[in-house]
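In this text, residue positions in the sequence shown follow full-length UniProt numbering: the first is 1, and each later residue adds one.
A virtual CB, placed ideally from N, CA and C, is assigned to each residue, including glycine.
A quick note: this is a predicted structure, and the numbers were derived from the prediction, not measured.
Notes follow once the structure below has been shown.
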Amino acid sequence: MTDFINNVLIPGAAGGATAGLFALAFVVMYRTTGVLNFAHGQLVMLMPLGVLVVSDLWGLPVVLGLVVAVLVLAAVVLMEERVAIRPFVQSGHAMPWILSTLGFSVVLAELMAIPYRAQPVRFPWGISAKAHDLGGIQVSWAEIAIVVAFILLVAALTIFDRRTTTGLRLRAVAQDKDGAAAIGISPGAASRLSALIAGGIAAITGLLIVSTQLVSPELGLTFLFNGFVAAAVGGLDSLHGVIAGGFIVGIVGQTAATYMGGNYVQIAMFSVLLVVYLTRPHGLFGRASVRAV
């Protein structure tokens, strides 16, 4: 049992929390715009890379690096929302925004490769990834931090979504853009705010995952597929669904890696997605959109 906890449950939960953080950003954007942001992997890496550029290459304080990285990330997020997302929200087809967000991700990845010439770099200010023995259970502060941060973020966004005026406005736009516009709620403003919230999730995700990974423009892409599967399994319109989706994806993937080998991880996760969609076409907690005409 201890081997299962150490080899499957703990790393699976940490991996699931990582996938869940990606899924959470997907859901935040999708609920308001109907768009899945395939540039999110690069946005996740922009925060730690920005800190490294300011603090490592320029030799300025880490705190200043954090401030600059946040401002740059916010500017990039708003730029992407304006040029690669909002123009295609009302198109009625998925292909335009798939291509636009993928194109934005390629351009951003090329720009992010410039400072370190596309070489992976260690992030020296991350949370300790050293495993500690707790009665035979091996766990690190980095693993604990990402699970706790994931659950707290989902809880905070759920409260924001249900208990605040701004959250209720975003829900109104998510349910009926035309109806929301008719009562004075701007879908454009809702789209920008959702993009900034997703960008904030990207910043936190990036600073957490580089505790155990090297910083590189391609790193975010490694987790992007897992995040998409987690969002789809939980339901693309469900905030709390990302908890189930994330941990299912993480534990199933880690189980496959431990007992069958790394080559079977993607197969196992896709199989889970297939089974869920055959029985629940909108995900475990998703709902079919119903609109009265």
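Notebook entry, point to check: Quick one, are the C-beta atoms of V249 and V275 less than 9 Å apart?
Noted result: Result no, Cβ atoms of V249 and V275 do not sit closer than 9 Å.
Check: Can you pull the DSSP bridge partners for A131?
Finding: Bridge partners of A131: S140.
Margin query: Distance check for Q138 and A94, CA to CA, integer angstroms please.
Written below: Cα to Cα, the separation comes out at about 44 Å.
Notebook entry, point to check: Does DSSP put V35 in a helix, a strand or coil?
Noted result: In the three-state reduction of the DSSP assignment, V35 falls in the coil class, being assigned neither a helical nor a strand state.
Notebook entry, point to check: In terms of residues, what are the limits of the alpha helix (DSSP H) holding E110?
Noted result: DSSP places E110 in the uninterrupted alpha helix (DSSP H) bounded by M95 to M112.
Item checked: Presumed contact (8 Å Cβ cut-off) between G126 and V210, rounded CB distance -> Contact check for G126 and V210: beta-carbon distance about 5 Å, within the 8 Å limit, so the pair qualifies.
Checklist line | Span of the alpha helix (DSSP H) around S238 | finding: Where S238 is concerned, there is no enclosing alpha helix (DSSP H), given that its DSSP letter is neither H nor E.
Item checked: For G235, the nearest candidate out of R31, F4 and A14 (CA to CA) -> Looking only at R31, F4 and A14, the smallest Cα-Cα distance to G235 is reached by R31.
Note to self: If you reduce the DSSP assignment to three classes, tell me which class V70 lands in.
What the structure shows: If DSSP states are grouped into helix, strand and coil, V70 belongs with the helices.
Next item on the list: At 4 residues or longer, and completely inside the region 144-193: list those alpha helix (DSSP H) runs for me, N to C.
Entry: As far as the region 144-193 is concerned, its whole alpha helix (DSSP H) runs of at least 4 residues are 165-175 and 177-182.
Check: What is the DSSP secondary structure of residue 332, reduced to helix, strand or coil?
Finding: Residue 332 is absent from the structure shown; the chain starts at 1 and stops at 293.
Check: Roughly how many angstroms separate the alpha carbons of V63 and T166, rounded to a whole number?
Finding: Their backbone Cα atoms lie some 30 Å apart in a straight line.
Notebook entry, point to check: Taking the C-alpha atoms as reference points, what is the distance between S100 and R171?
Noted result: Each residue's alpha carbon lies about 25 Å from the other.
Next item on the list: Check whether the region 21-28 touches the region 256-267, counting contact only when three or more Cβ pairs, one atom from each stretch, lie closer than 8 Å.
Entry: No, the region 21-28 does not touch the region 256-267.
Check: So, using beta-carbon positions, are A113 and P48 closer together than 9 Å?
Finding: In this structure, P48 does not lie closer than 9 Å to A113 by Cβ.
Notebook entry, point to check: Can P115 and L52 be called in contact, C-beta distance under 9 Å?
Noted result: Result yes, Cβ atoms of P115 and L52 sit closer than 9 Å.
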